[in-house]
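Enquirer: Before we start, here is the structure in question, set down as structure tokens.
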Amino acid sequence: ASPVLVRRSSLRPGSGGDGAHPGGMGLRRDIEVLTNTEVTLLGERRRHRPWGLAGGGSGAPGDDQVLRAGSWEKVGAKATVMLEPGEVISLRSPGGGGWGRSPDEQSATAEDEHPQT
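Going by this note's numbering, the first residue of the sequence shown is number 36, and it counts up by one from there.
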């Protein structure tokens, strides 16, 4: 085990897919390592977004990055990285896909199918 400092733990606003029942938000955790640390990631849904069902929208894909020397570098979904003291790894899980068409889409479709005269 290596000592770490959790810099951020939050929901990812806007990451859930649209729908009558919107998809859940993903999470973001930024973790600063305090000693030389090897980190292995085994993530999913980084390339392909979580899909929605019954007309629901897709969730946002996951994204993992490392902050080194003041700039963010993308890390693959399945990777092992060496981190030095003070470097930060940001783990951003995917949002869930939505279910069903959103109320706005439903009313727009109803107006298209039954125009008022």
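Backbone N, C-alpha and C define an ideal beta-carbon position, used for all residues, glycine too. Computed from a predicted structure; not experimentally measured.
Going by other Cβ atoms of all chains shown within 10 Å of its Cβ, with 16 needed for buried, is residue 69 buried or exposed?
Expert: Stepping through the sequence shown from its first residue, residue 69 is reached at position 34. Label assigned to residue 69: exposed.
Enquirer: Considering residue 75, what are the terminal residues of the beta strand (DSSP E) in which it resides?
Expert: Counted from its first residue, the sequence shown places residue 75 at position 40. Counting along the chain, the beta strand (DSSP E) containing residue 75 begins and ends at 72-77.
Enquirer: When DSSP labels each residue in this structure, what does residue 65 get in the three-state scheme?
Expert: Here residue 65 refers to the residue found at position 30 when the sequence shown is read from its first residue. Of the three classes helix, strand and coil, the one that applies to residue 65 here is strand, per DSSP.
Enquirer: With a threshold of 6 Å on Cβ separation, who are the neighbours of residue 117 within its own chain once the five nearest residues in sequence on each side are excluded?
Expert: For the purposes of this step, residue 117 is taken as the residue at position 82 of the sequence shown. Only 73 meet the Cβ criterion.
Enquirer: Taking just the CA atoms, how far does residue 67 sit from residue 121?
Expert: Taking the first residue of the sequence shown as 1, we reach residue 121 at position 86. Taking the first residue of the sequence shown as 1, we reach residue 67 at position 32. The straight-line gap from Cα to Cα measures roughly 6 Å.
Enquirer: Check each candidate in 44, 104, 133 and name the one with the smallest Cα separation from residue 59.
Expert: Counted from its first residue, the sequence shown places residue 59 at position 24. Out of 44, 104, 133, 133 has the C-alpha closest to the C-alpha of residue 59.
Enquirer: Looking at C-alpha atoms only, which residue of 98, 42, 52, 84 is the closest neighbour of residue 136?
Expert: On the sequence shown, position 101 is the one that residue 136 refers to. Of the listed residues, the one whose Cα sits closest to residue 136 is 52.
Enquirer: Is the CB-CB distance between residue 54 and residue 90 below 8 Å?
Expert: In the sequence shown, counting from the first residue as 1, residue 54 sits at position 19. In the sequence shown, counting from the first residue as 1, residue 90 sits at position 55. Cβ distance < 8 Å, so residue 54 and residue 90 count as in contact.
Enquirer: Run the CB neighbour count on residue 95, radius 10 Å, all protein chains shown included, and call it buried at 16 or more, exposed below.
Expert: For the purposes of this step, residue 95 is taken as the residue at position 60 of the sequence shown. The residue in question, residue 95, is buried, as its Cβ has 16 or more Cβ neighbours within 10 Å.
Enquirer: What are the partner residues of residue 107, as DSSP defines its beta bridges?
Expert: Residue mapping note: residue 107 aligns to position 72 of the sequence shown, counting from 1. Paired residue(s): 102.
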